[in-house]
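Pasting the structure below:
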């Protein structure tokens, strides 16, 4: 895992967004792989393809596996685990003594380039992210195939989308965060018009994607990685 030093950042979901404080935490350097999830299935049979109930995973769950433990031909062991629901990803992380990263933690790490903790103002960085969104079928590749960022974390962009712990915690249906309603799913694509810098459109695409899914959805290009809180001794 990589140690992430906390700080303050402004989320990109509305022109009136307030700064958010992110405390120190750890996050996996790579997305969870097919091979790692297979080990989880061996120890937790209730999450196997043949056992999991529809409430926790839809019909696409583990679709790239030919059965409960074997990948289909052509699928890589060391590629990111996708076709996995939020419930299954959450349980996997808990079994490792970890958790899914929060949306703010993921965005905080995801704004880093190779040399800068926050590269969102760099046109070339935003162009790289946007160019990946235009490419199909990047999910069946070895982890670590993208750059190592400022924090020592790989594949935040360029491989798969990723679940967050609170992926559906924010609703943006218009041009302002004033439309927030925590009881609904996240829908923020329309909020891009409130951005002061349209190169930040890449971030709004992530929010819109999260808003289009539900916790039992299993999507071919949606994977996950785990995070862990840091318990500091009392001072």
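In the working numbering, the protein residues as written are 1005 to 1239.
No residue lacks a Cβ here, since even glycine has one placed at the ideal position from N, Cα and C.
Everything numeric in this text was worked out from a predicted model, so none of it was measured.
Closest to residue i by C-alpha separation, out of the options, would be which residue?
i            : options                   : result
residue 1215 : 1144, 1170, 1027 and 1092 : 1170
residue 1147 : 1163, 1153, 1028 and 1208 : 1163
residue 1033 : 1092, 1228 and 1235       : 1228
residue 1235 : 1081, 1029, 1043 and 1075 : 1029
residue 1089 : 1080, 1078 and 1057       : 1057
residue 1080 : 1042, 1008, 1103 and 1091 : 1042
residue 1145 : 1132, 1233, 1131 and 1161 : 1161
residue 1120 : 1133, 1154 and 1136       : 1154
Can you look up residue i in the DSSP assignment and give me helix, strand or coil?
i            : result
residue 1036 : coil
residue 1113 : helix
residue 1006 : strand
residue 1118 : coil
residue 1105 : coil
residue 1042 : helix
residue 1220 : coil
residue 1225 : coil
residue 1084 : strand
residue 1167 : coil
residue 1129 : helix
residue 1190 : In this predicted model, residue 1190 has a pLDDT of only 33, less than 50, meaning its place in the structure is not dependable enough to derive any value.
residue 1029 : strand
residue 1063 : coil
residue 1069 : strand
residue 1184 : With a pLDDT of 39 at residue 1184, under the threshold of 50, the modelled position of this residue cannot be trusted; read the value that follows with caution. Of the three classes helix, strand and coil, the one that applies to residue 1184 here is coil, per DSSP.
For residue i versus residue j, is the C-beta spacing smaller than 8 Å?
i            : j            : result
residue 1109 : residue 1219 : no
residue 1115 : residue 1013 : yes
residue 1059 : residue 1052 : no
residue 1226 : residue 1073 : no
residue 1107 : residue 1173 : yes
residue 1031 : residue 1105 : yes
residue 1083 : residue 1038 : yes
residue 1221 : residue 1062 : yes
residue 1128 : residue 1151 : no
Which whole-angstrom value describes the C-beta separation of residue i and residue j, a residue pair presumed to lie in contact below a C-beta threshold of 8 Å?
i            : j            : result
residue 1006 : residue 1156 : 4 Å
residue 1112 : residue 1026 : 5 Å
residue 1143 : residue 1224 : 6 Å
residue 1035 : residue 1166 : 7 Å
When you compare the CB of residue i with every CB in chain C, is at least one pair closer than 8 Å?
i            : result
residue 1094 : The chain inventory of the structure shown lacks chain C, comprising one protein chain alone.
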